[in-house]
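With my numbering, you'll find the sequence shown wraps up at 331, consecutive numbering, no jumps. Virtual Cβ for every residue (Gly too), placed ideally from N, Cα, C. Predicted, not measured: the structure shown is a model, and the values here were computed from it. Worksheet for the structure shown next.
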Amino acid sequence: MRILVVNWNDRENPHAGGAEIHLHELFGRIALWGHEIHLLASGWPGCTTRAVVDGLEVTRVGGRHSFAVHGRGAVRHALGQTRFDVVVEDINKIPLFLPTLTALPFVAIVPHLFGTTAFAEASPPLAAIVWAAEVPIPWVYRKAGFHAISESTRDDLVRRGVAAERVVVIHPGVDSRAYRPDPATPRATRPTFLYLGRLKRYKGVEFAIRAVAAARTARPDMTLDICGQGDDRARLERLAVEHRVSDAVRFLGYVSEDEKRRLLRRAWAVVFPSPKEGWGITNVEAAASGTPALASDSPGLRESVQDGVTGYLV
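Shown next, in the form of structure tokens:
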């Protein structure tokens, strides 16, 4: 089978996040089963326009802010040049409305939709564009099958008008051979908390910094390690200084998979303070590593944490 997959980023893009890891985990395995996977994604300065990543034949067009235009043109060209059996669009930013370009069997993968949370991240005009772009999804994608990664996302889609029978929930999993407790990595001796993820305003990382500032009156040895990259880092660093916890909050940037697993095992808990997520794979990775999660009682996250068992929802 020949499958055309369209996503804003591929896994090698500097702006890639959990959605891209999820996509590559899925279609990398499908490629291993002998299927031909073509991925159209945006490019970035200095990237190659073609690459093979995880068995996927990747073509990069446009850039971070122009893919909505260039992506549709590239899909139209690809459909005219190659005979595909199915088209898959991963809707994790602005939808490209690709069902208007093809009558082929179509699947929409939806980690989560932004809705009004877009206004917590972007300027009001840009947030309004994101919000408005999601409104036609039920009509434009009315013949598509939907893959939601959580019941919260499914419920959101159905509330917006997507037929419930068209939505299938498939939870993301983790490799239990890689994520497991390891006696060789002892727990930190002092209260150490960990955030893993992109540094975006809508992720709510500032709440973790404020919590450390408040808790240090009782436990002055408390620390918070923040791993990940994003355009909110400078603001978060200033916030740590303002709250006088710059000595307790470490910004570690990008960390390797090996280092991530080491940090997960030594932390007292991971923190995930986002107001809305599709799922929250970090919570599952932490649980598999023997570490609890402290997460917002919000859509997606309340499904990746068993409250009182694998962590606590707050």
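Where the alpha helix (DSSP H) containing residue i begins and where it ends
| i | result |
| --- | --- |
| ARG267 | Counting along the chain, ARG267 falls outside any alpha helix (DSSP H), though it belongs to the beta strand (DSSP E) covering 266-270. |
| ARG204 | Careful: ARG204 lies outside any alpha helix (DSSP H) and carries neither H nor E. |
| SER321 | 318-321 |
| ARG67 | Counting along the chain, ARG67 falls outside any alpha helix (DSSP H), though it belongs to the beta strand (DSSP E) covering 67-70. |
| VAL105 | It is not in any alpha helix (DSSP H) - VAL105 instead sits in the beta strand (DSSP E) that spans 103-107. |
| GLU259 | 250-259 |
| VAL157 | 154-157 |
Where residue i sits in the DSSP three-state scheme
| i | result |
| --- | --- |
| ARG81 | coil |
| ALA341 | A question about residue 341 goes unanswered here, because the residues of the chain that appear run from 18 up to 331. |
| LEU43 | helix |
| ALA139 | coil |
| ILE166 | coil |
| VAL287 | strand |
| LEU414 | Shown here, the chain extends from 18 to 331; a query on residue 414 therefore has no answer. |
| LEU73 | strand |
| ASP27 | coil |
| ASP172 | helix |
| ASP324 | strand |
| TRP336 | Because the chain here runs from 18 to 331, residue 336 falls outside it and cannot be looked at. |
| GLY90 | helix |
| ILE111 | coil |
Beta carbon proximity, residue i to chain B, threshold 7 Å
| i | result |
| --- | --- |
| ALA286 | Checking the listed chains, one finds no chain B in this structure; it contains a single protein chain. |
7 Å Cβ cutoff met for residue i and residue j
| i | j | result |
| --- | --- | --- |
| ASP71 | GLY45 | yes |
| VAL78 | LEU118 | no |
| VAL288 | TYR219 | no |
| ALA150 | PRO112 | yes |
| PRO316 | ALA225 | no |
| VAL104 | LEU21 | yes |
| VAL191 | VAL301 | yes |
| VAL152 | PHE131 | no |
| PHE101 | ARG19 | yes |
| ALA312 | VAL322 | yes |
| PHE163 | ALA125 | yes |
Nonlocal neighbours in the same chain, by C-beta distance under 6 Å from residue i, ignoring five residues either side
| i | result |
| --- | --- |
| ASP189 | Sequence check: residue 189 is Pro here, not Asp. Cβ neighbours of PRO189 beyond the five flanking positions: HIS39, ILE166, TRP296, ILE298. |
| PRO309 | ALA286, GLY328 |
| VAL262 | VAL229, ALA230 |
| ALA33 | ASN26 |
Unbroken beta strand (DSSP E) run spanning residue i, endpoints
| i | result |
| --- | --- |
| ILE20 | 19-23 |
| ILE243 | 240-244 |
| VAL124 | 123-127 |
| VAL184 | 184-186 |
| ALA231 | First-last for ALA231: 222-232, but that is the alpha helix (DSSP H), not the beta strand (DSSP E). |
| LEU118 | Note, LEU118: premise wrong, no beta strand (DSSP E); not H, not E. |
| LEU130 | Taken as a continuous stretch (DSSP letters only), LEU130 belongs to no beta strand (DSSP E), as it is neither H nor E. |
| ILE54 | 53-59 |
| LEU211 | 209-213 |
| GLY328 | 328-330 |
| LEU311 | 310-312 |
Candidates the options: closest to residue i by CA position
| i | options | result |
| --- | --- | --- |
| ARG183 | GLY60, GLY328, ILE111, TRP156 | TRP156 |
| ILE54 | VAL86, GLU106, PRO237 | GLU106 |
| GLU37 | TRP25, ILE47, ALA48 | TRP25 |
| LEU121 | GLU276, THR99, ALA235 | THR99 |
| ARG267 | THR66, ARG250, ASP275 | ARG250 |
| ASN109 | THR170, GLU276, ASP324 | THR170 |
| ARG319 | ILE47, GLU168, VAL69 | GLU168 |
| PHE84 | SER59, GLY63, PHE101, ASP102 | SER59 |
| LEU241 | ASP324, ALA145, ALA205 | ALA205 |
| ARG255 | ALA232, VAL222, SER273 | VAL222 |
| PRO292 | VAL179, LEU143, VAL331 | VAL331 |
| THR134 | ILE126, ALA145, VAL127, GLY97 | ALA145 |
| HIS41 | ARG28, ALA303, GLY51 | ARG28 |
| ASP275 | THR202, ALA265, ARG89, LEU143 | THR202 |
| VAL127 | GLY97, CYS64, VAL23 | VAL23 |
Same chain only: Cβ atoms within 7 Å of residue i, ignoring 5 sequence neighbours per side
| i | result |
| --- | --- |
| SER306 | TYR196, ARG197, PRO198, ARG278, LEU281, ARG282 |
| PRO116 | PHE123, VAL157, TYR158, LYS160, ALA161 |
| ARG177 | ILE154, PRO155 |
| ASP238 | ARG207, PRO208 |
| GLY80 | SER59, GLY60, TRP61 |
| ALA181 | VAL175 |
Close Cβ partners of residue i (< 8 Å) along its chain, the five nearest in sequence each way excluded
| i | result |
| --- | --- |
| GLN246 | PRO31, ARG215, LEU216, GLY270, TYR271 |
| ARG67 | GLU74, VAL75, THR76, ARG77 |
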